[in-house]
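So in the UniProt record's numbering, spot 53 of the sequence shown is number 53, and the numbers just go up one at a time. Structure, as structure tokens:
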Amino acid sequence: VKDYLIITLGLFIYLISYFGFIYSHEITSGGLAGISSVISWGLNIPFSLPYNIINFTLLAVALKVIGWRFSVKTVYSVAILGVSTSSIEKYILPSLREFLPLQNDPALAMILGSILIGVSLGMVFSVNGSTGGTDIVATIINKYKAVSIGRALIYIDVVTIAASWFIFKSPDKLVYSMLQVLITNTTIDYFLNGSRQSMQFFIVTNKHQEIANRIIKEVNRGVTFLNGEGAYSHSEVKVLMVIARKTDSVNIFRIVKELDQKAFITQSLVRGVYGEGFDTIKVNNAKKQKTQAPEGVMLEGK
1 VKDYLIITLG LFIYLISYFG FIYSHEITSG GLAGISSVIS WGLNIPFSLP YNIINFTLLA
61 VALKVIGWRF SVKTVYSVAI LGVSTSSIEK YILPSLREFL PLQNDPALAM ILGSILIGVS
121 LGMVFSVNGS TGGTDIVATI INKYKAVSIG RALIYIDVVT IAASWFIFKS PDKLVYSMLQ
181 VLITNTTIDY FLNGSRQSMQ FFIVTNKHQE IANRIIKEVN RGVTFLNGEG AYSHSEVKVL
241 MVIARKTDSV NIFRIVKELD QKAFITQSLV RGVYGEGFDT IKVNNAKKQK TQAPEGVMLE
301 GK
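Given below as structure tokens:
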């Protein structure tokens with residue numbers, strides 16, 4: 001229930017932000033919304049018409065090609081967006097058009113709208129939700145071609161923004177559109193990875209057991225003892241290795257400081273952590289099995 005409440009709130013913020021700040025200023029966004037807006041402006045038809053036709057068609061294709069990997073949450077999101085886009089465009093937007101903020105400042109509207117859209121989509125993605133659309137296209141491409149989902153989405157966005165040039169032929173709108181996609185994607189990454197970012201700690205201390213017990217109990221993270229030897233003193237020492245979320249860092253430093261102020265600590269950013277308590281390695285059931293590792297890394301399965 002909590003996940004669906006977060007998805008619903010995220011979609012609500014997304015719709016208000018998109019129609020209030022982006023679509024109303026004729027700025028092309030990325031994804032299916034961008035494709036639908038280009039079709040809407042080019043053919044002078046309601047935005048919701050191409051959006052819903054394409055989104056529900058893609059969802060049907062995804063369920064057939066990919067199966068139920070696109071879960072009930074995706075179906076729920078597509079249904080909410082389908083009903084909401086029609087209602088907002090037909091009833092809410094016309095009555096509130098004169099009250100829309102930043103009507104005379106498209107640059108500021110683009111920045112604020114992009115940040116809000118990034119946060120709202122981050123909320124949806126944080127509970128494994130999806131808005132469908134080009135996410136489905138990118139996943140299908142990834143299933144059959146050696147193209148990452150992220151790269152496929154970039155290709156789609158580039159083509160969409162380029163197409164908007166033939167409608168408006170405005171350099172300003174083209175730049176706004178490119179910045180919109182950049183700001184939105186950056187905000188999504190920051191929202192999702194800010195709290196999920198992992199840190200690696202090495203702690204050299206004489207009170208290794210006490211510190212380990214506190215970290216396990218209070219931070220709920222595992223601790224590994226490594227055997228070390230001082231190069232100068234040749235005395236044996238225990239080195240604690242801890243992998244934790246970035247948000248756990250303050251508590252770990254607090255525990256070490258309370259128990260051993262002379263402890264030696266190093267902290268470093270870890271690009272990817274997979275296993276219990278962290279991220280799960282996802283495997284595509286394609287002809288050539290591939291494991292989704294951190295961006296830029298592709299592992300071939302046997």
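Ideal Cβ positions, reconstructed from N, Cα and C, are used throughout, including at glycine.
{"Query": "Exposed unless 16 or more other CB atoms sit within 10 angstroms - verdict on residue 338", "Result": "Examination of residue 338 is not possible in this model, given that the chain is present from 1 through 302 alone."}
{"Query": "Assigned secondary structure, THR131 (DSSP; H/G/I helix, E/B strand, else coil)", "Result": "coil"}
{"Query": "Endpoints, alpha helix (DSSP H) assigned at ASN52", "Result": "48–65"}
{"Query": "Three-pair Cβ contact test at 8 Å for the region 160–169 versus the region 91–110", "Result": "no"}
{"Query": "The region 180–190 / the region 116–134 touching (three or more Cβ pairs under 8 Å)", "Result": "yes"}
{"Query": "Alpha carbon of MET199 to alpha carbon of GLU229, nearest angstrom", "Result": "24 Å"}
{"Query": "Proximity of ILE211 and ASP260 at Cβ, strictly below 8 Å", "Result": "yes"}
{"Query": "Delimiting residues of the beta strand (DSSP E) encompassing LYS238", "Result": "236–245"}
{"Query": "Spatially closest choice to LEU121 from LEU43, LEU11, PHE21, by CA coordinates", "Result": "LEU11"}
{"Query": "Span of the alpha helix (DSSP H) around GLN200", "Result": "Looking at the DSSP string, GLN200 is not in any alpha helix (DSSP H); the run it does join, the beta strand (DSSP E), is 198–205."}
{"Query": "Distance between LEU5 and GLY31 (C-alpha atoms, nearest Å)", "Result": "23 Å"}
{"Query": "Reference GLU98; option with closest CA among ASP172, SER84, TYR155, GLY20", "Result": "GLY20"}
{"Query": "Within 8 Å, strictly: CB atoms of VAL219 and ALA244", "Result": "yes"}
{"Query": "Spatial distance of THR239 from ASN193 (CA atoms)", "Result": "According to the sequence shown, residue 239 is Val rather than Thr. Rounded to the nearest angstrom, the two C-alpha atoms are 28 Å apart."}
{"Query": "Residue burial classification, SER17 (beta-carbon count within 10 angstroms, cutoff 16)", "Result": "buried"}
{"Query": "N-terminal and C-terminal residue of the alpha helix (DSSP H) that GLN209 is part of", "Result": "208–214"}
{"Query": "Cβ pair PHE47, GLY82 closer than 8 Å", "Result": "no"}
{"Query": "Buried versus exposed call for PHE191 [16 or more other C-beta atoms within 10 Å across all chains shown]", "Result": "buried"}
{"Query": "Supposed contact pair LYS73 and ASP3 - C-beta distance, whole angstroms, cut 8 Å", "Result": "7 Å"}
{"Query": "Counterpart residues of THR225 in DSSP-defined beta bridges", "Result": "According to the sequence displayed, residue 225 carries Phe and not Thr. According to DSSP, PHE225 bridges with LEU240."}
{"Query": "Secondary structure of SER170, DSSP reduced to three states", "Result": "coil"}
{"Query": "Rounded separation between THR85 and LEU15 - CA only", "Result": "7 Å"}
{"Query": "Contact check, VAL127 vs ILE13, beta carbons under 8 Å", "Result": "no"}
{"Query": "Local conformation of residue 303 per DSSP, three classes", "Result": "A question about residue 303 goes unanswered here, because the residues of the chain that appear run from 1 up to 302."}
{"Query": "Inter-residue spacing [alpha-carbon to alpha-carbon] between ARG271 and GLN197", "Result": "8 Å"}
{"Query": "Alpha carbon of ILE252 to alpha carbon of LYS246, nearest angstrom", "Result": "10 Å"}
{"Query": "Integer Cβ distance of ARG221 from VAL242, believed to fall under 8 Å", "Result": "6 Å"}
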